[in-house]
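Since the structure comes first, as structure tokens, the remarks are kept for the end.
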Amino acid sequence: MSEADRIFKPTADMIVKAGCIIRAGGLVAFPTETVYGLGADATSESAVASIFAAKERPSFNPLIVHVPDMETARKLVEFTEQGEKLAHAFWPGALTLVLPRKKDSGLSLLVSAGLDTVAIRMPNHPIATELLKASGKPIAAPSANRSGQISPTQASHVAQSLPGKVDMILDGGPCAVGLESTVVDACGQQVGFLRPGGISVEELEQIVGPLIFPDDAPDAPKSPGMLTSHYAPTLPMRLNVNEIEDGEILLGFGPDCEKATLNLSPSGNLNEAAANLFAMMRELDRDGFTRMAVSPIPQDGLGLAINDRLKRAAAPR
Ligand code: TXA
Ligand code: MG
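Under this note's numbering, the first residue of the sequence shown carries the number 8, and numbering increases by one thereafter.
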């Protein structure tokens, strides 16, 4: 069977099958609004272990647990006051909440790498929701790519990145947001910012006031999975480029980019740029060039998350 054969249209029948695969301990790649996830039963230690094996993840970083509704979420974690507000404002959506794990959650220990907290999210995508309901399980899912590579925003990216490693890939077309969820620590009174993503700092601060950032304080919460080099294409990267050099291929942004081979958003729209980022990085990762150059991206709204991913893609490997 070729890899393309593993990609399926998400008909009602296929989603029922996918749910059976999850219950049996298998791996299903599925679309969310952020990126494609590599899903497994979050209550099964061996199913969660097979996620790490398939991705060749170097260490057991904790994973995000996906749920279809608040009722399921409440069985797994304790909702704090801030957690309650954030879930109300942004779920379903691109926000992951780190909250205290319930003693009787039934979740695998590996899923939270032995921590007494759990990262949890209700995705805003009908196929993800239907799969969660069909399986009847909370689903642990990191991005469906080999560790360190660019995150997948289309079903074909999953097949390329994890050949032969996934039992089923559900094809939901391109992801609308295109960047992973924002991760925050909502265990305490003041919310800690752990990873930039699809929900901006500005949006969060409107709901819960000023956030604590990892650099603010030595004891500010940290996200264990934030590797310096990540999302890396094969070509080296150079950022904030206004003038390209010989041998470079330019990923542009905004109206003044005549030399760009691809443009994240010719009109300078950051949401459009986020949705295009990973697919365009893959497309420009071509032979015959020495480096990928990227135009400057403003640091506001989703620009913070875009620049975070670019910085990691450009980091020494
Ligand atoms: O958009 C997304 O978030 C995608 C889709 C599939 O939902 N998933 C995703 O998962 O990006 P992953 O495994 O690549 O990222 C999980 C992030 C890591 O930075 C990890 O360190 C952090 O969440 N995390 C997980 N559990 C945590 C915990 N208990 N405390 C602090 N950080 C945690
Ligand atoms: Mg990832």
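All C-beta atoms, glycine included, are put in the ideal place defined by N, C-alpha and C.
Here the structure is a predicted model, which is why all the values come from computation and not from measurement.
Count the other CB atoms, across all protein chains shown, that sit within 10 Å of the CB of residue i; report buried if there are 16 or more and exposed otherwise.
i, result
"Leu116", "exposed"
"Met8", "Because Met8 sits at a pLDDT of 44, beneath the cut-off of 50, its placement in the model cannot be relied upon, and the point is left open."
"Asn131", "buried"
"Val23", "exposed"
"Thr18", "exposed"
"Ala120", "exposed"
"Asp222", "exposed"
"Ala281", "buried"
"Asn249", "exposed"
"Ala60", "exposed"
"Thr297", "exposed"
"Phe285", "buried"
"Arg289", "buried"
"Arg324", "exposed"
"Phe220", "exposed"
"Asn270", "buried"
"Pro170", "exposed"
"Asp20", "exposed"
"Asn283", "buried"
"Lys110", "exposed"
Pick out whichever of the options has its Cα sitting closest to the Cα of residue i.
i, options, result
"Leu106", "Pro99, Phe97, Glu88", "Glu88"
"Ala183", "Gln161, Cys194, Val23, Arg202", "Gln161"
"Val301", "Gly90, Ser274, Glu265, Met244", "Met244"
"Phe15", "Val173, Gln156, Val125, Ser272", "Val173"
"Glu63", "Glu279, Gln156, Leu177", "Gln156"
"His164", "Ile206, Val118, Tyr238", "Tyr238"
"Ala31", "Ile176, Ala96, Ser142", "Ser142"
"Gly100", "Gly205, Gly185, Ala126, Lys82", "Gly205"
"Gly44", "Ala267, Cys27, Asp192, Asn152", "Asn152"
"Ala320", "Val35, Leu201, Ala267, Thr241", "Thr241"
"Phe260", "Gly254, Ile251, Leu277", "Leu277"
"Ala312", "Asn249, Ser207, Asp253, Leu218", "Ser207"
"Gly310", "Pro203, Lys110, Glu137, Ile29", "Pro203"
"Asp76", "Leu34, Leu186, Glu137", "Glu137"
"Val42", "Arg316, Val84, Pro273, Ser150", "Ser150"
"Cys194", "Arg108, Glu210, Gly185", "Arg108"
"Asp263", "Glu252, Gly254, Asp253, Gly275", "Gly275"
"Pro303", "Asp292, Ala322, Ser272", "Ser272"
"Arg293", "Asp307, Gly254, Gln306", "Gly254"
"Ser51", "Glu40, Ile28, Phe37", "Ile28"
"Glu85", "Phe37, Phe200, Ile127", "Ile127"
"Asn314", "Val198, Glu187, Pro217", "Glu187"
"Leu102", "Gln167, Gly113, Glu40", "Glu40"
Does any heavy atom of the ligand MG sit closer than 7 Å to the C-beta of residue i?
i, result
"Glu63", "no"
"Pro149", "yes"
"Glu85", "no"
"Glu187", "yes"
"Ser158", "yes"
For the beta strand (DSSP E) containing residue i, list its first residue and its last residue.
i, result
"Val125", "124 to 128"
"Gly199", "199 to 202"
"Thr189", "189 to 192"
"Thr103", "102 to 107"
"Gly32", "No beta strand (DSSP E) holds Gly32; DSSP gives it neither H nor E."
"Arg324", "Taken as a continuous stretch (DSSP letters only), Arg324 belongs to no beta strand (DSSP E), as it is neither H nor E."
"His73", "71 to 73"
"Val301", "298 to 301"
"Ile176", "175 to 177"
Flag residue i as yes when its Cβ comes closer than 7 Å to any non-hydrogen atom of the ligand TXA, and as no otherwise.
i, result
"Pro69", "yes"
"Arg128", "yes"
"Ser119", "yes"
"Leu104", "no"
"Thr39", "yes"
"Gly44", "yes"
"His237", "no"
"Val190", "yes"
"Thr124", "yes"
"Leu201", "yes"
"His164", "no"
"His132", "no"
"Ala101", "yes"
"His73", "yes"
Please list the terminal residues of the continuous alpha helix (DSSP H) segment that includes residue i.
i, result
"Ile134", "133 to 142"
"Gly46", "Note, Gly46: premise wrong, no alpha helix (DSSP H); beta strand (DSSP E) at 44 to 48."
"Ala54", "52 to 62"
"Arg289", "277 to 291"
"Leu83", "77 to 83"
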